[in-house]
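K.L.:
Residue numbers (my numbering), protein chains in the order written: chain H, 566 to 676; chain F, 3 to 119.
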Amino acid sequence: DAKTTQPPSMDCAEGRAANLPCNHSTISGNEYVYWYRQIHSQGPQYIIHGLKNNETNEMASLIITEDRKSSTLILPHATLRDTAVYYCIGQASGSARQLTFGSGTQLTVLP
Amino acid sequence: GAVVSQHPSWVICKSGTSVKIECRSLDFQATTMFWYRQFPKQSLMLMATSNEGSKATYEQGVEKDKFLINHASLTLSTLTVTSAHPEDSSFYICSARSWTVSPDTQYFGPGTRLTVL
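(1) Classify Asp632 of chain H as helix, strand or coil using the three-state DSSP reduction.
(2) Under 8 Å, Cβ to Cβ, is there at least one residue of chain H near Thr102 of chain F?
(3) Mind pulling the beta strand (DSSP E) runs of 3 or more residues that sit fully within the segment 595-632 of chain H?
(4) Under 8 Å, Cβ to Cβ, is there at least one residue of chain F near Ser626 of chain H?
(5) When you compare the segment 621-632 of chain H with the segment 5-13 of chain F, are there three or more beta-carbon pairs, one atom per stretch, that lie closer than 8 Å?
(6) Using a Cβ cut-off of 7 Å, pull out every chain F residue sitting near Gly608 of chain H, in sequence order please.
(7) I'd like to know if Tyr599 of chain H contacts chain F, where contact means its C-beta is closer than 8 Å to some C-beta of that chain.
(8) Leaving out the 5 sequence neighbours to the left and right, which residues in its chain are closer than 8 Å to Ser56 of chain F when beta-carbon positions are compared?
(9) So, for Gln125 of chain F: in the same chain, excluding its five sequence neighbours on each side, which residues have a beta-carbon less than 8 Å away from its beta-carbon?
(10) Compare the C-alpha of Lys568 of chain H against each of H:Asp647, H:Pro676 and H:Thr665 and name the closest.
(11) Measuring only between beta-carbons, confirm whether Ser45 of chain F sits less than 8 Å from chain H.
(12) Would you mind working out which of F:Pro105, F:Phe110, F:Ser85 and F:Val64 sits nearest Thr117 of chain F, comparing C-alpha positions?
(13) With 8 Å as the threshold, decide whether the Cβ of Gly615 of chain H is near any Cβ in chain F.
(14) Which term fits Gln571 of chain H, buried or exposed, when burial requires 16 or more other beta carbons within 10 angstroms of its beta carbon?
(15) Report yes or no: do three or more beta-carbon pairs, one from the segment 648-658 of chain H and one from the segment 598-605 of chain H, lie closer than 8 Å?
(16) By alpha-carbon positions, which one of H:Gln610, H:Tyr597 and H:Arg581 ends up nearest to Pro676 of chain H?
(17) With C-beta atoms as the reference, is Leu672 of chain H less than 8 Å away from Met575 of chain H?
(18) For Arg581 of chain H, which of helix, strand or coil comes out of DSSP?
(19) May I have the straight-line CA-CA distance separating Ile592 of chain H from Ser635 of chain H, to the nearest angstrom?
(20) Leaving out five residues on either side along the sequence, give the residues of the same chain with a beta carbon under 7 Å from the beta carbon of Ala578 of chain H.
(21) Please decide whether Phe36 of chain F counts as near chain H, where near means a Cβ-Cβ distance under 8 Å.
(22) Quick one: which residues of the segment 49-70 of chain F get their C-beta closer than 7 Å to a C-beta of chain H? List them in chain order.
Here is the structure:
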């Protein structure tokens, strides 16, 4: 699985867009970028994933650079409930192997 | 869809006793289930991977005789912590995966907080 690097923490004002970066310079061609988040004392929640095209769903948008060495998760209008640890993970789609979690980014949405 | 439950959500037990944690996939059949452990202020660490009807594969450093995993059906996996000690106190999280669910990824339970006195 690709090694990913994320900033340890970020703050965002409520109602503003939260942009969470992730570097994955060693990602291979068949590896997707997955984003999960973990709210305190809960299990991780799937957010979104993508290969090379930008993706959007009801929770977030994922922007992947053309060289696929980095990506940004965008929460368009952050709320207090979006305060969580966000994990960026690289893995080949369809893999039966486990997701390997790094240290993630602690996002704190401020009122 | 793709809901995973765990029971109990928290448990307190005395040192030396055994504790069983259940993980269920509620609306899909999970071909593979995973058990993770998370200590305070740390990330999730994989303990073992199990496929229905097969023996679990444990990660290095995880004692298989202490952490018994049974994946008896496509919707149920159990983790039994035998002879629990205070250092086993942790947040235990299961996840399930099935190629029949879209998107094809891991779906996590809410976790079980174990406190051993």
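Backbone N, C-alpha and C define an ideal beta-carbon position, used for all residues, glycine too. Quick caveat: nothing in here was measured; it's all calculated off a predicted structure.
P.N.:
Considering the structure as presented:
(1) Coil, per DSSP.
(2) It does not: the Cβ of Thr102 of chain F has no partner Cβ on chain H nearer than 8 Å.
(3) Complete beta strand (DSSP E) runs here, min 3: 596-603, 610-615 and 626-629.
(4) Chain F, which has no Cβ nearer than 8 Å to the Cβ of Ser626 of chain H, makes this no.
(5) The answer is no - the segment 5-13 of chain F does not touch the segment 621-632 of chain H, with fewer than three Cβ pairs under 8 Å.
(6) Going along chain F in sequence order, the residues near Gly608 of chain H (Cβ under 7 Å) are Ile95, Phe110, Gly111, Pro112 and Gly113.
(7) Output row for Tyr599 of chain H: interface = yes.
(8) Here the set comprises His73.
(9) Residue 125 of chain F lies beyond the stretch modelled for chain F, which goes from 3 to 119, so this question has no answer here.
(10) The shortest C-alpha to C-alpha distance from Lys568 of chain H to any of H:Asp647, H:Pro676 and H:Thr665 is the one to H:Thr665.
(11) Under the 8 Å criterion on CB atoms, Ser45 of chain F is classed as interfacial with respect to chain H.
(12) Nearest C-alpha to Thr117 of chain F among F:Pro105, F:Phe110, F:Ser85 and F:Val64: F:Ser85.
(13) No, its Cβ sits nowhere closer than 8 Å to a Cβ of chain F.
(14) Classified as buried, Gln571 of chain H has 16 or more neighbouring CB atoms from the shown chains inside 10 Å of its CB.
(15) When Cβ pairs closer than 8 Å are counted between the two stretches, the segment 648-658 of chain H is seen to touch the segment 598-605 of chain H, the count reaching three or more.
(16) The candidate whose alpha carbon is nearest that of Pro676 of chain H is H:Arg581.
(17) Contact: yes.
(18) Coil.
(19) When rounded, the distance between both Cα atoms is 9 Å.
(20) Hits under 7 Å: Leu675.
(21) So yes, Phe36 of chain F belongs to the interface.
(22) Residues Thr51.
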